[in-house]
Amino acid sequence: MLRPHRHHRRTSDLRPVSLPPVTTSPEARARAVFATFQTAVDTWVAEAVADCFTDDVVYVGTAGYLHGRDELLGYVREVFERNEAMRWELAQVHVFLDAPPLLGFAASGTIIGTSAGRPRELPFRLSLLVEQQRATGATKIRHFHGSVPIDAFTSTSS
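If you're matching positions, the sequence shown starts at 1 in the UniProt record's numbering and goes up one per residue.
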């Protein structure tokens, strides 16, 4: 079971991450981007998570629609305040755009975590468009669309 921890790191301790070399497979690059995002989530520092995204990010999820870093940062803070642990396990990854500096991919898998103090596992689907920043070389998520299938809620509501 995942347990939320309150070990906070300064955001200055986190280094920008760039995509692996283009010689690496597109799927490996997509998985590396998502692993970087998961690492930021694991820090429990909202700013570290927000730093994975562009300033004009479009974030669409089961909980709603967000545009821009400020809205995303507010949402991440709310999630952390609720003490909800989460880990995405990617089962399938399909790259639909491999045009450096852009990489687009869809994935499915399982979210493992806690909600209201109870362990929970739900299937998810997502798509991301990421962009390697010219100035820094860091890769940032420009578009994130993630959702949990509606039948997952009805089958786990017992």
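Glycine included, C-beta positions come from ideal geometry on N, C-alpha and C.
Please read all numbers here as calculations on a predicted model, not as lab measurements.
Backbone CA spacing between residue i and residue j [nearest angstrom]
i      : j      : result
HIS145 : TYR59  : 6 Å
LEU103 : GLU81  : 32 Å
ARG87  : ILE112 : 5 Å
THR39  : ASP98  : 23 Å
GLY137 : TRP44  : 24 Å
ARG9   : VAL41  : The predicted model places ARG9 with a pLDDT of 44, which falls under 50 and marks its position as unreliable; any figure quoted below should be read in that light. The straight-line gap from Cα to Cα measures roughly 12 Å.
ARG29  : HIS67  : 25 Å
SER127 : PHE34  : 11 Å
ARG3   : VAL49  : Reliability of the predicted coordinates at ARG3 is poor, the pLDDT of 41 falling under 50, and no value is obtained from them.
GLY117 : TYR65  : 25 Å
Proximity below 8 Å, CB of residue i to CB of residue j
i      : j      : result
LYS140 : VAL148 : no
CYS52  : THR36  : yes
ARG134 : PRO101 : yes
GLU47  : LEU72  : no
VAL93  : GLU27  : yes
LEU90  : ARG31  : yes
THR110 : PRO119 : no
Those residues which DSSP pairs with residue i across a bridge
i      : result
PHE144 : TYR59 and LEU128
TYR65  : VAL60
ARG134 : Answer is none; ARG134 lacks a bridge partner.
VAL45  : Answer is none; VAL45 lacks a bridge partner.
GLN92  : SER108
THR36  : DSSP, once it has assigned bridges, lists no residue as partnering THR36.
LEU97  : GLY104
LEU122 : ILE111
PHE53  : ILE141
ARG87  : ILE112
Cβ distance (whole Å) where residue i is taken to contact residue j below 8 Å
i      : j      : result
SER115 : GLU78  : The Cβ separation is near 13 Å, so there is no contact.
PHE96  : ALA106 : 6 Å
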